[in-house]
Amino acid sequence: AAVSCSMAPPSLVANPRVFFDVDIGGERVGRIVLELFADVVPKTAENFRALCTGEKGIGPTTGKPLHYKGCPFHRIIKKFMIQGGDFSNQNGTGGESIYGEKFEDENFHYKHDQAGLLSMANAGPNTNGSQFFITTVPTPHLDGKHVVFGRVIKGMGVAKILENVEVNGEKPAQLCIIAECGEYSPRFP
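Per full-length UniProt numbering, residue 1 is the first one in the sequence shown, and the count goes up by one each step.
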């Protein structure tokens, strides 16, 4: 049986790949591997890649390591998205980019037309920091407002597990944590 796939083919220039190992309530649930669209949104992709490796050290605004390790998914809305990336306050009020507190919307080339897209959370135009979300359904109402800069290439099942955790409002009842993260090399799966 043929398996159809609507995902765009991988670009010719190898885009960077990163991974999250996710824990829910202290239990490892699996790994999400993401391709970052550095060919189209290089600045946004580089911010996320460096936040996965932690290579930039301490953030001048937050005084916290510029690193997603230990960071929670603090906001989860079923049939919409899972949000994380606030490494300083862990509740959606904090975080910062590797370029300083906030940076501009690079472009809106990619649309929110499918599940598994990685996009920047923001507080209005040109307020990108470190918070991001992964769509679990198409979200066209976000087109032109949030910068899509990557996609899940492995582990969408883990994203779906996160999407379906018990929540109080939009806050997960159990801690959902990026326990490990970094640049992904297929040689070390």
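The beta carbon of each residue, even a glycine, is placed where N, CA and C say it ideally should be.
Please confirm whether residue i and residue j have their CB atoms less than 8 Å apart.
i, j, result
"S97", "N122", "no"
"I76", "P172", "yes"
"F48", "K64", "no"
"A115", "P138", "yes"
"L142", "F73", "no"
"Q83", "F133", "yes"
"V40", "H109", "yes"
Keeping to the same chain, check which residues put their C-beta closer than 7 Å to that of residue i; ignore five residues upstream and five downstream.
i, result
"P125", "D105"
"K56", "A50, L66 and I98"
If you drop the 5 nearest sequence neighbours on each side, which residues of the same chain put their C-beta closer than 6 Å to that of residue i?
i, result
"P189", "For P189, the pLDDT reaches just 47, beneath the cut-off of 50, and the residue's location in the model is therefore unreliable, leaving the point undetermined."
Keeping to the same chain, check which residues put their C-beta closer than 8 Å to that of residue i; ignore five residues upstream and five downstream.
i, result
"G157", "G30"
"P140", "K111, H112 and D113"
According to DSSP, what are the bridge partners of residue i?
i, result
"Q114", "In DSSP, Q114 forms no bridge with anything."
"P16", "According to DSSP, which records beta bridges pairwise, P16 is partnered with nothing at all."
Can you confirm whether the segment 174-188 touches the segment 18-27 when touching is taken to mean that 3 or more C-beta pairs between the two stretches lie within less than 8 Å?
yes
Count the C-beta pairs between the segment 30-44 and the segment 146-158 that are closer than 8 Å, then say yes if the count reaches three, no if not.
yes
Inside the segment 123-187 only - beta strand (DSSP E) runs reaching at least 3 residues
132-135, 148-154 and 176-183
Entirely enclosed beta strand (DSSP E) segments - the segment 18-60, minimum 3 residues
27-36
Every unbroken beta strand (DSSP E) within the segment 60-119, with a cutoff of 3 residues, ordered by chain:
73-77 and 81-84
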